[in-house]
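Report on the following structure.
Protein chains: 2
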Amino acid sequence: MKLYNSNSAPNPRRVRIFLAEKGLSIPRIEVDLAKLEHKTAEFSAVNLFQVIPALELDDGTVIGESIAICRYIEELYPEPNMFGATPLERATVEMWQRRVEWHLLLPIAQVFRHTHPHMAKLEEPQIADWAAANRPRALRNMTIFDDVLGDRPFVAGGRFTVADITGLIALDFTRPARIAIPPELVNLSRWHEALRARPSAAA
Amino acid sequence: MKLYNSNSAPNPRRVRIFLAEKGLSIPRIEVDLAKLEHKTAEFSAVNLFQVIPALELDDGTVIGESIAICRYIEELYPEPNMFGATPLERATVEMWQRRVEWHLLLPIAQVFRHTHPHMAKLEEPQIADWAAANRPRALRNMTIFDDVLGDRPFVAGGRFTVADITGLIALDFTRPARIAIPPELVNLSRWHEALRARPSAAA
Chain A
-8 MKLYNSNSAP NPRRVRIFLA EKGLSIPRIE VDLAKLEHKT AEFSAVNLFQ
42 VIPALELDDG TVIGESIAIC RYIEELYPEP NMFGATPLER ATVEMWQRRV
92 EWHLLLPIAQ VFRHTHPHMA KLEEPQIADW AAANRPRALR NMTIFDDVLG
142 DRPFVAGGRF TVADITGLIA LDFTRPARIA IPPELVNLSR WHEALRARPS
192 AAA
Chain B
-8 MKLYNSNSAP NPRRVRIFLA EKGLSIPRIE VDLAKLEHKT AEFSAVNLFQ
42 VIPALELDDG TVIGESIAIC RYIEELYPEP NMFGATPLER ATVEMWQRRV
92 EWHLLLPIAQ VFRHTHPHMA KLEEPQIADW AAANRPRALR NMTIFDDVLG
142 DRPFVAGGRF TVADITGLIA LDFTRPARIA IPPELVNLSR WHEALRARPS
192 AAA
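So the protein sequences, as listed, match chains A and B.
Just so we're aligned, residue -8 is where the first sequence starts under the working numbering, counting upward by one.
Just so we're aligned, residue -8 is where the second sequence starts under the working numbering, counting upward by one.
Following this line, the structure appears as structure tokens:
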């Protein structure tokens, strides 16, 4: 297997953190987004949607989408379990993974994509009004997650799951998006710090 | 179990179609989005993110997010299989479900949400420039899916899966979004017609 990766993008980091939590290592092929290498014919043959990460299996089969890659790896290497161990837990983890992705990562990413000068070539056109609409959404949803995290250490419950990886990616993304996490959201900040303190966060 | 539903929104329809394909029926509680019933304290106690669908189990546990609900039902009622039967097929189905969701449903939904008068109360502010940026994205991605569907009857391969349900939702959503599916995309249109012809499409 080999992993098409970029260290400057959030989605490949989800897979790198997941692999680190599993104690796994997969050879990487770097794709330089600043040089638009993901837009080349060569990379389009790997992933026709021109996005990373992508996992190429030894027979040439390619799995795209970070969460699909992580789920595949979970099936090959079940421990530690990060997608849930029972039908209800699997549904719960998927629910929280999706909630974090759609209600936290997406609005934060939209602020970043539509304001940051580095994105001018990649997000055309950048729309300041759309960034401005997403900023209060991101902050409002942070408040909801802060409430949720008042009674549990991790977003899906008592233990670390793939939903927390999406959470770390989202909250770390507030920095380039220039969104300050309100200091009164103490549960959210405690969660963020706990995720950042795990060795996998450096992956 | 009971399903919080609205017949006027695309995401609950994903679950209704999934249930119909399984030959299942779950009692429904209607949530009137036009009356903002999803924003009430009563419904927020069911789903703090104020979105439908939501599946309430007999013990009061609530599963939100259409795909998490479908996956839970798949585990309780495995046949016909719609999430994949092997690790590789499950990863492939999830990849395609996510690709359809992010690259087709999302841009089409953004055009709808930011142009349709019915959304004025629900999507504030409506940003015409953001709708205009998503329209060509939706059309470009339709072209990619048309290519993909040149060598297969269903989007994830040889058989109907949950990824096709997301596809039907996305393509049906072009109508209120007022995006015409280009007639030269014959594979995409053939797929759309095949999905619409299934009895589950009426669910």
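Cβ coordinates follow ideal geometry from the N, Cα and C atoms, glycine included.
- Within the region 115 to 140 of chain A, PRO116, ILE118, ASP120, TRP121, ALA124, ILE135 place their CB atoms closer than 7 angstroms to a CB of chain B, listed in sequence order.
- The three-state reading of DSSP puts ILE170 of chain B in coil, since its state is none of H, G, I, E or B.
- Given a length threshold of 3 residues, each whole run of the beta strand (DSSP E) inside the region 41 to 95 of chain A is given here in chain order: 45 to 47, 53 to 55.
- Under the 10 Å beta carbon count, ASN(-2) of chain A is surrounded by fewer than 16 other beta carbons and is classified as exposed.
- A Cβ-Cβ distance of about 5 angstroms is found for the pair VAL84 of chain A and ALA147 of chain A, placing them in contact under the 8 angstroms criterion.
- Proximity to ASN(-4) of chain A across A:GLU47, A:ALA32, A:ALA161 peaks at A:GLU47, based on C-alpha coordinates.
- Residue pairing by DSSP places LEU(-6) of chain A opposite A:ARG19, A:LEU46 in a beta bridge.
- By the rule that beta-carbons nearer than 8 angstroms mark a contact, ALA82 of chain A touches chain B.
- Using a Cβ distance threshold of 8 angstroms, PRO78 of chain A and TYR63 of chain B count as a contacting pair.
- Burial check for ALA122 of chain B: the Cβ neighbour count within 10 Å reaches 16 or more, so the residue is buried.
- Using a Cβ-Cβ distance cut-off of 8 angstroms, the region 159 to 171 of chain A and the region 155 to 162 of chain B are not in contact, since fewer than three pairs of beta carbons, one from each stretch, lie closer than that value.
- The Cβ neighbour count for ARG90 of chain B, taken over all protein chains shown within 10 Å, is at least 16; the residue is labelled buried.
- GLU56 of chain B sits buried, since 16 or more C-beta atoms from the chains shown fall within 10 Å of its C-beta.
- For a cut-off of 8 angstroms, the C-beta gap from ALA194 of chain A to ARG7 of chain A is around 4 angstroms, short enough to register as a contact.
- Straight through space, the alpha carbons of ILE17 of chain A and LYS(-7) of chain A are spaced by roughly 6 angstroms.
- Close to TYR63 of chain B, with beta-carbon spacing below 8 angstroms, are these residues of chain A in chain order: PRO78, LEU79, ARG81, ALA82.
- For HIS94 of chain B, the chain A residues whose C-beta falls within less than 7 angstroms of its own C-beta are PHE40, listed in chain order.
- Not one beta carbon of chain B lies nearer than 8 angstroms to the beta carbon of GLU33 of chain A.
- Looking from the CA of GLY75 of chain B, the closest CA among A:ALA59, A:ASN72, A:TRP87, A:GLU80 belongs to A:ALA59.
- LEU67 of chain B reaches chain A at PRO78, counting residues in chain order whose Cβ is nearer than 7 angstroms.
- If you ignore the 5 residues before and after GLU92 of chain A, its C-beta comes within less than 6 angstroms of the C-beta of THR157, all in its own chain and listed in chain order.
- Taking 8 angstroms as the cut-off, the beta carbon of ALA124 of chain B is found closer than this to the beta carbon of ILE118 of chain A.
- In terms of Cα proximity to HIS109 of chain B, the closest of B:LEU24, B:PHE9, B:LYS13 is B:LEU24.
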